[in-house]
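Colleague: Numbered as in the numbering used here, the sequence shown ends at 815 without a single skipped number. The beta carbon of each residue, even a glycine, is placed where N, CA and C say it ideally should be.
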Amino acid sequence: MRLSRVFILAACWGLLGSASVHAQTWGSVTGTVTDSVAGEPLPGITVLVQGTDFGTATTADGDYRLELPTGRYALRFSAIGFATHVDSVTVTDGATRLDVTLAATVLEMDELMVTEGQAQRPGVYEVDPADVQNMPTPFKDGFRALKTMPGVATNSELTQQYSVRGGGYNENLVFINGFEIFFPFRPRQGEQEGMGLLNPALASDITFYTGGFPPEYGGKLSSALDVQYAQPGGEGAGEKPLSGSVDLSTLDASAHLQSSALGGDLGWALGMRRAQPGRFFGTQDLKGDYSPRFTDVQGTVEYRVSDRVSVEALGIWADNTFELEPEERTTYFGVISLDPERPSDFKALQASLSGARTDGYTTTFGGVRLRTELSDRLTLEHDVAHFSTGETESFDIQSDRRVCQVDPTQGANPANCFLRGESSVTRFADNVVNVRRRTARGRYELDLGRQTLKGGWHLRDLRFDDQLEEKTIIQGTDQGTLDPVRIRVDSLTDQSVFNEQQFGAHLQDAVDVLPTQGRLTVTGGLRADYFSFNDEWTVSPRLSTRFGVTDRLTLTGAWGIYHQKPTYRELRGSLEGATSIEETLNRDIESQRSVQYVLGGEYFFPEQRLYLRAEAYYKDLDNLISYTIEDVRVNYSGENDTYGYTYGLDLQVRGELVPGLESWFNYSYLVARERFTEGALGSYTNRLRDARQGRLPRPADQRHTFSAFVQDYVPGDESWKVHMRLLYGSGLPYTPTNPGPEVADGVQTRVPADRMSGRLPSYRRVDVGATKRIEVVRNGIGGPVHLELTLEVLNLFDMDNTVDYSWTRGFERVPKRLTPRTLNARLHLTF
């Protein structure tokens, strides 16, 4: 604990002033915390002064001791599996004793009367929405916080998309209040995506399945994210006063409100966000007039019609606009040598740009659910949902580029350039895609005490309207005649309408097996899905188990088959060489399949208040649709042309290094390989010649990742807190570009080199923040009003990170770098 505190405080030294400590009379509070049933002492119970982060934890004998200034306090006793208890105590200048008993909580339904929560299932991690708010990130959209979870690839701070255990960006399910939502379909780079649809200010629970998730969630290959927004109303809740928050920073602003009425029968929550991060994007090599405007409004309401019938609705409207008038770009690359016998090979790409680009994403979602409790044991849910998004992409940009040999000792000046080559490229696009998804669903649950049966179905109508008009023009010089040459490449104008239906059904049974309640739970299930596009049925059996060896050690395991129905992006495939969109649609394509094996364990160290968790997994993959990634754009082949495997190990240490503040450290090892089918090899060029001899890395084959989120307070003044996020990811594979076999009209043609034969540099990033908490009003509308003032340093050590490469006419790779060090100030008001 002391080591972590020293490390954080050193990182944040420039953010904080000295904290004063006032002399006053102190006393001590001691006591023992025991189980209310057996009377046994409870180790590892967190003891906090209510409303602060100051506290301790009980020893192996259940004892605790606190040193406090004299006065009256409320102490909060809490631990996983026990009901939180708050008791008051008056501290004198001597010793005061306060003994406490805690009652075990019994969680029914999903946990099947087991005292442990979701996090002790295989591949499941709980994310505290408060940690998402505290984490120093450019945007508080929730998705970026997942990059500190085990098994999640780390390679860009700009994108909201994520890769889990070697999977692609399109292999993740996301649910908000049980309704499925989706990511943008058409972004080329992370800056264009806007804010993710997850608003952490509204969230009460975030559960992240990194693998082995049950049939009720669906069939994608990698992960499922289940987010529950707060519902202030409900049975027995009573009317709750108005509460909420306001958040302002140099990059974004947000506000949320929630309350209940009609005796608690009507509960509602509303959140609004606005981001204009032009200053943040403008720190990159590409300079220009950045005008991003990201806005969304989300609301949820629940009305309890009677004791057994309730209606719930969720609405989301998001408008994300990214505008850019590029002006210039200077990117340095190459090697600087300090050896006089080995000269430096240091270059600069200098580009003058003209034109503009505008990208827009307007998303609308609405869902309504009817929940009926026919009895204390049987619950029915029926809902309908509408999701639509209109995405536009418009740009007409000319880039005049030259590559210079640079003397690294002469600095940046126009004379420091020995010209190596120059070219001009014009890129034009006016593309529109409109996507609509309408879903009807039913879910049913029967609670039989030590057995829970779940079943359900869904019917979905899909519509994609895709309009493409894009071209690329390269201007160069004929190498023989020196005459100017103008060539149009990648030209396509077309429109396609895609309208299909999907159907799915699932059944699962969770059983508490042993006589000792909660010791061994087994969940089995079956899922069937149909897709009209390729007239395909898939069947997916799944099985998971949890075994409590002791009070401290828990073992988990899962096995299952996962089918991912192809959506429009996989179906369309690559447009290279095509004359129309329609000819790229493959009606014979099959769902991608993954057979997953997960085995894990978790051990609790009560005296240190730490959990050690380890999970090993293996995925047998077939019917894969190969793809490549350019920045964040995923380009699919549109064919079931590969098969392969993924295996790895995720390790996590998580707990309260400081009482009341949870921190964690993760390390993941991953191997993701694929091999092209014999049929596919015949249609590819020499870039796949190594595929006949062995398996190639998959695009998300990030071998090593390390992430951490650490929280601490300043000794002597617990109103100051500091937070640090660390990210490391080894280089992702990519396919280089090589000269083609011929020169066409004076311009050298290009072909891909050996597939996935290159590796990007490692991704490294440290973000820190310091927060001062002030009580503004003790008795506000619904309680005390607090103000938090935060200063964040994003990319503290100003590390260069590369997300992609572009290529010069001389086939030299030029890195596209991410954001440098940035300061961000934030104000957070809660009431």
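Mark Gln485 as exposed unless 16 or more other C-beta atoms lie within 10 angstroms of its C-beta, in which case mark it buried.
Modeller: Here the question's residue 485 lines up with position 501 in the sequence shown. Classification for Gln485: exposed.
Colleague: Pull the bridge partners of Cys401 from the DSSP assignment, please.
Modeller: Stepping through the sequence shown from its first residue, residue 401 is reached at position 417. The partner list for Cys401 (beta bridge, DSSP) is empty, contrary to what the question assumes.
Colleague: Identify which residue in Phe371, Leu52, Val21 has its Cα closest to the Cα of Val73.
Modeller: For the purposes of this step, residue 73 is identified with residue 89 of the sequence shown, where counting begins at 1. That would be Leu52, whose Cα lies nearest to the Cα of Val73.
Colleague: Within 10 angstroms of the Cβ of Pro799, are there 16 or more other Cβ atoms? Answer buried if so, exposed if not.
Modeller: Walking along the sequence shown from the start, residue 799 turns up at place 815. Classification of Pro799: buried, given that the 10 Å Cβ count is 16 or more.
Colleague: Between the alpha carbons of Asn650 and Ser714, how many angstroms are there, rounded?
Modeller: On the sequence shown, residue 650 is found 666 positions in, with the first residue counted as 1. On the sequence shown, residue 714 is found 730 positions in, with the first residue counted as 1. So the alpha carbons of these two residues sit roughly 14 Å apart.
Colleague: Tell me where the alpha helix (DSSP H) around Ile394 begins and ends.
Modeller: To locate residue 394, count along the sequence shown from 1; it is residue 410. The displayed chain sequence assigns Gln, not Ile, to residue 394. First-last for Gln394: undefined, no H or E at that position.
Colleague: Going by other Cβ atoms of all chains shown within 10 Å of its Cβ, with 16 needed for buried, is Ala(-5) buried or exposed?
Modeller: Position 11 of the sequence shown holds residue -5. In this prediction, Ala(-5) scores a pLDDT of 43, lower than 50, which makes its location untrustworthy; the coordinate-derived value is nonetheless stated afterwards. Buried is the call here.
Colleague: Suppose you measure from the CA of Thr661 to the CA of His370; what does that come to, to the nearest Å?
Modeller: Position 677 of the sequence shown holds residue 661. Position 386 of the sequence shown holds residue 370. The straight-line gap from Cα to Cα measures roughly 39 Å.
Colleague: Span of the beta strand (DSSP E) holding Gln117?
Modeller: As a first step, residue 117 must be located in the sequence shown, where it is residue number 133. First-last for Gln117: 113 to 118, but that is the alpha helix (DSSP H), not the beta strand (DSSP E).
Colleague: Using 8 Å for Cβ pairs, my map puts Val752 next to Met708. What's the rounded Cβ distance?
Modeller: Taking the first residue of the sequence shown as position 1, residue 752 is located at position 768. Taking the first residue of the sequence shown as position 1, residue 708 is located at position 724. With a Cβ gap of about 5 Å, Val752 and Met708 count as contacting.
Colleague: With contact counted as at least three CB pairs below 8 Å, one residue from each stretch, are the segment 304 to 321 and the segment 206 to 214 in contact?
Modeller: With the cut-off at 8 Å, the segment 304 to 321 and the segment 206 to 214 do not touch.
Colleague: So is His812 buried or exposed if we call it buried at 16+ other beta carbons inside 10 Å?
Modeller: One-based indexing of the sequence shown puts residue 812 at position 828. His812 should be labelled buried.
Colleague: Anyone know if the C-beta pair for Gly203 and Thr630 falls short of 7 Å?
Modeller: Your numbering for residue 203 matches position 219 in the sequence shown. Your numbering for residue 630 matches position 646 in the sequence shown. Taking 7 Å as the Cβ cut-off, Gly203 and Thr630 do not qualify as a contacting pair.
Colleague: Is the segment 246 to 253 touching the segment 264 to 280, taking contact as three or more C-beta pairs under 8 Å?
Modeller: Flag = no, the segment 246 to 253 and the segment 264 to 280 do not touch.
Colleague: Alpha helix (DSSP H) containing Arg553: first to last residue?
Modeller: As a working mapping, residue 553 is identified with position 569 in the sequence shown. Its alpha helix (DSSP H) spans residues 552 to 556.
Colleague: CA-CA distance, Glu702 and Phe38?
Modeller: For the purposes of this step, residue 702 is taken as the residue at position 718 of the sequence shown. For the purposes of this step, residue 38 is taken as the residue at position 54 of the sequence shown. C-alpha separation (whole angstroms): 7 Å.
Colleague: For Gly196 and Thr507, I'd like the C-alpha separation in whole angstroms.
Modeller: By one-based count along the sequence shown, residue 196 stands at place 212. By one-based count along the sequence shown, residue 507 stands at place 523. Between Gly196 and Thr507, the C-alpha separation is close to 11 Å.
Colleague: Can you find at least 3 beta carbon pairs, one from the segment 433 to 441 and one from the segment 389 to 402, that sit closer than 8 Å?
Modeller: No: the two stretches stay apart, fewer than three of their Cβ pairs being nearer than 8 Å.
Colleague: Could you pull the start and end residues of the alpha helix (DSSP H) that Ala664 belongs to?
Modeller: Locating residue 664 in the sequence shown gives position 680, counting from the first residue. Per DSSP, Ala664 belongs to the alpha helix (DSSP H) from 662 to 665.
Colleague: Do you know whose CA, among Ala542, Pro134, Arg556, lies nearest Asp449's CA?
Modeller: Translated into positions along the sequence shown, residue 449 becomes position 465. When each option's Cα is compared against that of Asp449, the closest is Arg556.
Colleague: Determine the DSSP secondary structure at Tyr153, reduced to helix, strand or coil.
Modeller: The sequence position of residue 153 within the sequence shown is 169, counting from 1. Residue state, collapsed to three classes: coil.
Colleague: At the level of alpha carbons, what is the spacing between Gln580 and Asp625?
Modeller: Here the question's residue 580 lines up with position 596 in the sequence shown. Here the question's residue 625 lines up with position 641 in the sequence shown. So the two alpha carbons sit approximately 20 Å from each other.
Colleague: Beta carbon of His490, beta carbon of Glu155: below 7 Å?
Modeller: Against the sequence shown, residue 490 aligns to sequence position 506. Against the sequence shown, residue 155 aligns to sequence position 171. Cβ atoms of His490 and Glu155: not closer than 7 Å.
Colleague: Suppose you measure from the CA of Arg421 to the CA of Phe163; what does that come to, to the nearest Å?
Modeller: Your numbering for residue 421 matches position 437 in the sequence shown. Your numbering for residue 163 matches position 179 in the sequence shown. Going from the Cα of Arg421 to the Cα of Phe163 covers about 12 Å.
Colleague: Taking DSSP as the reference, what is the three-state secondary structure of Tyr345?
Modeller: One-based indexing of the sequence shown puts residue 345 at position 361. Strand, per DSSP.
Colleague: To which residues does DSSP link Glu614 through a beta bridge?
Modeller: Against the sequence shown, residue 614 aligns to sequence position 630. According to DSSP, Glu614 bridges with Arg617.
Colleague: Do the CB positions of Gly15 and Arg81 come within less than 7 Å of each other?
Modeller: Taking the sequence shown and counting its residues from 1, the one referred to as residue 15 is at position 31. Taking the sequence shown and counting its residues from 1, the one referred to as residue 81 is at position 97. Yes.
Colleague: For His240, which residues in the same chain have their Cβ closer than 8 Å to its Cβ, ignoring the five residues on either side in sequence?
Modeller: If you number the sequence shown from 1, residue 240 lands on position 256. Closer than 8 Å at the Cβ level, and outside the excluded window around His240, lie Asn183, Ala185, Leu186, Gly228, Ser229, Ala253, Leu254, Gly255, Met256.
Colleague: Label Asn139 either buried or exposed according to how many other C-beta atoms from any shown protein chain fall within 10 Å of its C-beta, with 16 as the threshold for buried.
Modeller: Start at 1 with the first residue of the sequence shown, and residue 139 comes out as number 155. Buried, since its Cβ has 16 or more Cβ neighbours within 10 Å.
Colleague: From Ser328 to Pro122, what distance separates their C-alpha atoms?
Modeller: Your numbering for residue 328 matches position 344 in the sequence shown. Your numbering for residue 122 matches position 138 in the sequence shown. Distance between the alpha carbons of Ser328 and Pro122: 36 Å.
Colleague: Can you name the start and end residues of the beta strand (DSSP E) that Arg288 belongs to?
Modeller: Here residue 288 corresponds to residue number 304 of the sequence shown, with the count starting at 1. Arg288 -> beta strand (DSSP E) spans 270 to 288.
Colleague: Would you mind sorting Glu296 into buried or exposed? The rule is 16 or more other CB atoms within 10 Å of its CB.
Modeller: In the sequence shown, the residue the question calls residue 296 occupies position 312. Classification for Glu296: buried.
Colleague: Considering only their Cβ atoms, is the gap separating Ala302 from Thr234 smaller than 7 Å?
Modeller: Sequence index remark: in the sequence shown, residue 234 carries index 250 (1-based). Sequence index remark: in the sequence shown, residue 302 carries index 318 (1-based). Not in contact: Thr234 and Ala302 (Cβ atoms no closer than 7 Å).
Colleague: With a CB to CB cut of under 6 Å and the five nearest residues on each side skipped, what residues in its chain are close to Glu453?
Modeller: Numbered from its first residue, the sequence shown carries residue 453 at position 469. Answer for Glu453: Asp414, Thr477, listed in chain order.
Colleague: Measure from the alpha carbon of Ala44 to the alpha carbon of each residue in Arg56, Asp236, Thr18, Ala129, then state which is nearest.
Modeller: Taking the first residue of the sequence shown as 1, we reach residue 44 at position 60. Among Arg56, Asp236, Thr18, Ala129, the Cα nearest to that of Ala44 belongs to Thr18.
Colleague: Starting from the C-beta of Arg810, find all residues in its chain whose C-beta is less than 6 Å away, skip the five residues before and the five after it, and write them out in chain order.
Modeller: Position 826 of the sequence shown holds residue 810. Within the same chain, Arg810 has close Cβ partners Ser233, Thr774.
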